[in-house]
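Undergrad: Chains as they are written, first to last, in the numbering used here: chain H, 4 to 187; chain Y, 1395 to 1908.
Glycine included, every Cβ here is placed at the ideal spot set by N, Cα and C.
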Ligand code: SF4
């Protein structure tokens, strides 16, 4: 235990400021925090769906959880079920074999639901295109709010895309006026 | 050359690793499978192709790893009845590959036990074979009913747990059907193919340069391994030798890819055993690693950095110095984290004896790559057939015999240190000269590439037509061999240990679904 604590203490904090929505510049975490709270009234819950990627995009989505991006620190977390999700993060060209599963996941997500398509493949099918086995981009199967190009896009670009989708969503009417926001 | 006294002439391909190709007839096809199995060789891959364009009917190919190198045997099949002798009797790993070859090309293994479709779910009809020349691959069909007959386990108190295809984390889709009593797993049956997106059809008609980008996206976590195997295939087809500096840079990138994946897995494995500290620290190191990739090679995952004829861009002396400094820094961090892993009794308790694959079972089922080495299977192409620059690096292939999650964790630590040593040597001794030599194929030919990726051996077989266009490109992922073994590794373990066991293999869905 001592060894672990010593290791942690010596490395300190490495978290960097988060990017501006869909732009390269950085801004402080507390502003993003406040914004997510103002719009949703609580943490943003994301369900990732791999609909046929090469797994490169997954590696960069996973990187969002590392201490540099520290996405949980911004009030964004990945959840295990679409029923708990505000936003679907979808990668890959949608394979025909995943088409039904993606539609069902979308249907299971409570409205109003946001969808962010990740990667060149998610945007338009990328190098795999459309064929007997591929439906192409995500928007050919479910409605998409924001697309993040790149092969794969960097973690900061994916995060910027997520923030852009949240910003574009009008403040939730479902939040009662006397609701005290907080991450619970 | 003649192997196993079969009286068929194998020609050596112009690749830096020993790869031999031959056309065989049906009797030789079966005799070769038996001979390789008896000599304790391995089945690397099996795939079908439509050769009616050259007036030859269909064909089925098998690639075997033997002590002398890789043997690629191709058996021509009649256009009217494309059937061939089943080889899954000798190599259980052939079962799914034979099923996939039937789904894609319509060539059948005679008397095969399991004839259920594998890659074809409900998206196209049973009489449509996407790789046949009369099809464009652009056909679209109404979704068909998809009723896959899973094997049923019966008995007192047995129930089923169905998981997937969409899983509860950022991982790839697949379906797992557990038959359990209480918490204990009696049987696991996997169903994959959800990510099938028609890669092999996509290759057809591309020129060999275009194909390189696609090959690098068969499995994103192994993009360097695929790009190198593909480039080796394209180069052997044309007969071009890559400049020495380019070969060194390729190895540098391949070892960096290995370390990147091991860092990611070591963190995730700690996390799956409820040791969140490990994930935070290893993912921090991995991020440092990827950022330097971006700086030195232009891409975090090094996609498109290896291309036929060499590498896409050179690195300067300053980058080499940075790469070497990072090796020193990461090596000391990983060494310290290894001590923490070793001292942590609670963590070791979760890892030791969990998900065991004995060396005997591993040999029988053909477990390969990193997972194979954790179960006593010594094969590592970098040590067995060291091609430049590995011939000067004295690669020490390590093995463990326990075959449990702990052994697969230990393998990753050891391979990480070994790769760090090699990266340092490569960056320090990088020879001068060009880094690219153009190699566009302009005639018909065959080529093959075989590379030890971080997960195991990646193999690419490439064939072009008279204009140098790709008529068939088959990419093989070691996950084909290892997925069926995972079904055995979980038996007798408890369901909550499945994520940990699964992660310890960390197999590619995309690489096998194609
Ligand atoms: S965008 Fe690139 S990295 Fe992402 S799934 Fe497609 S090919 Fe892979």
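Between 1897(Y), 1681(Y), 1542(Y), which lies nearest to residue 1588(Y) when the distance is taken from Cα to Cα?
TA: 1542(Y)
Undergrad: Using a Cβ-Cβ distance cut-off of 7 Å, determine whether residue 70(H) contacts chain Y.
TA: With 7 Å as the cut-off, residue 70(H) counts as an interface residue toward chain Y.
Undergrad: Going by DSSP, which residues form a beta bridge with residue 1925(Y)?
TA: Here chain Y comprises residues numbered 1395 to 1908, so residue 1925(Y) is not present and cannot be evaluated.
Undergrad: Between the C-alpha atoms of residue 1597(Y) and residue 1866(Y), what's the straight-line distance to the nearest angstrom?
TA: In a straight line, the C-alpha of residue 1597(Y) is about 7 Å away from that of residue 1866(Y).
Undergrad: Where does residue 108(H) sit, in a helix, a strand or coil, going by DSSP?
TA: helix
Undergrad: Within this structure, are the beta carbons of residue 1413(Y) and residue 1842(Y) separated by less than 7 Å?
TA: yes
Undergrad: Using the rule of at least 16 other Cβ atoms within 10 Å of the residue's Cβ for burial, across every protein chain shown, is residue 5(H) buried or exposed?
TA: Residue 5(H) is exposed by the Cβ-count criterion.
Undergrad: Using 7 Å as the limit for Cβ to Cβ distance, is residue 96(H) near chain Y?
TA: yes
Undergrad: Can you check which of these residues, 1521(Y), 1856(Y), 1576(Y), is closest to residue 1888(Y) by C-alpha distance?
TA: 1576(Y)
Undergrad: Assess contact between the stretch 1761-1772 of chain Y and the stretch 1686-1701 of chain Y, defined as three or more Cβ pairs (one per stretch) separated by less than 8 Å. Is contact present?
TA: no
Undergrad: Sort out for me which residues DSSP pairs residue 1597(Y) with in a bridge.
TA: According to DSSP, residue 1597(Y) bridges with nothing at all.
Undergrad: Excluding the 5 residues preceding and the 5 following residue 1710(Y) in the sequence, name in chain order all residues of the same chain whose CB lies nearer than 7 Å to its CB.
TA: Cβ within range, chain order: n/a, list empty.
Undergrad: Using the Cα positions of residue 1920(Y) and residue 1804(Y), report the straight-line distance between them to the nearest angstrom.
TA: This structure does not reach residue 1920(Y), given that chain Y is present from 1395 up to 1908, and the question cannot be answered.
Undergrad: When you compare each of 167(H), 170(H), 158(H) to residue 70(H) by their alpha carbons, which one comes out closest?
TA: 158(H)
Undergrad: Does the beta carbon of residue 1460(Y) sit closer than 7 Å to a beta carbon anywhere in chain H?
TA: no
Undergrad: With respect to the alpha helix (DSSP H) encompassing residue 1763(Y), which residues constitute its N-terminal and C-terminal limits?
TA: 1763-1767
Undergrad: Using Cβ-Cβ distances below 8 Å, what residues of the stretch 1587-1603 of chain Y are close to chain H?
TA: 1587, 1588, 1589, 1590, 1591, 1592, 1593, 1595, 1596
Undergrad: State yes or no: is the C-beta of residue 1439(Y) within less than 7 Å of the C-beta of residue 1853(Y)?
TA: yes
Undergrad: For a quick check, are the C-beta atoms of residue 74(H) and residue 1671(Y) less than 7 Å apart?
TA: no
Undergrad: Report the residues of the stretch 1546-1568 of chain Y with a CB closer than 9 Å to any CB of chain H, ordered along the chain.
TA: 1558, 1559, 1560, 1561, 1562, 1563, 1564, 1565, 1566, 1567
Undergrad: Could you work out which residue in 1861(Y), 1864(Y), 1869(Y), 1849(Y) is closest to residue 1877(Y) when comparing CA atoms only?
TA: 1849(Y)
Undergrad: Could one say the Cβ of residue 137(H) lies closer than 7 Å to chain Y's Cβ atoms, at least one of them?
TA: yes
Undergrad: I'd like to know whether the C-beta of residue 61(H) is nearer than 7 Å to at least one C-beta of chain Y.
TA: yes
Undergrad: What does the alpha-carbon distance come out to for the pair residue 106(H) and residue 143(H)?
TA: Cα to Cα, residue 106(H) sits roughly 11 Å from residue 143(H).
Undergrad: Along the stretch 1607-1639 of chain Y, what residues have a CB closer than 8 Å to any CB found in chain H?
TA: From the stretch 1607-1639 of chain Y, only 1607, 1608, 1611, 1612, 1613, 1614, 1615, 1617 have a Cβ closer than 8 Å to chain H.
Undergrad: Answer yes or no: does any C-beta atom of chain B fall closer than 7 Å to that of residue 55(H)?
TA: Any reference to chain B falls outside this structure, whose protein chains are H and Y.
Undergrad: Within the same chain, show all residues whose beta-carbon is closer than 7 Å to that of residue 1846(Y), passing over the 5 residues directly before and after it, in chain order.
TA: 1774, 1775, 1776
Undergrad: Would you identify the three-state DSSP class for residue 180(H), choosing helix, strand or coil?
TA: Residue placement at residue 180(H) is poorly supported in this model, since its pLDDT is 47, which falls under 50; the coordinates still yield a value, given next. If DSSP states are grouped into helix, strand and coil, residue 180(H) belongs with coil.
Undergrad: Applying the 10 Å Cβ sphere with the 16-neighbour rule, what's the burial state of residue 1868(Y)?
TA: buried
Undergrad: Would you kindly check if the distance between the Cβ of residue 153(H) and the Cβ of residue 140(H) is under 7 Å?
TA: no
Undergrad: Rounded to a whole number of angstroms, what is the C-alpha to C-alpha distance between residue 1830(Y) and residue 1701(Y)?
TA: 8 Å
Undergrad: Given that a residue counts as buried once 16 or more other Cβ atoms are within 10 Å of its Cβ, and exposed if not, what is residue 33(H)?
TA: exposed
Undergrad: Going straight from the alpha carbon of residue 1635(Y) to that of residue 1782(Y), what length do you get?
TA: For residue 1635(Y) and residue 1782(Y), the distance between alpha carbons rounds to 11 Å.
Undergrad: Should residue 138(H) be listed as close to ligand 1, given that the test is whether its C-beta is under 6 Å from any heavy atom?
TA: no
Undergrad: Taking the C-alpha atoms as reference points, what is the distance between residue 1813(Y) and residue 1821(Y)?
TA: 12 Å
Undergrad: Shortest alpha-carbon distance to residue 1374(Y) belongs to which of 1602(Y), 1817(Y), 1697(Y), 1675(Y)?
TA: The first residue shown for chain Y is 1395 and the last is 1908, placing residue 1374(Y) beyond what the model contains.
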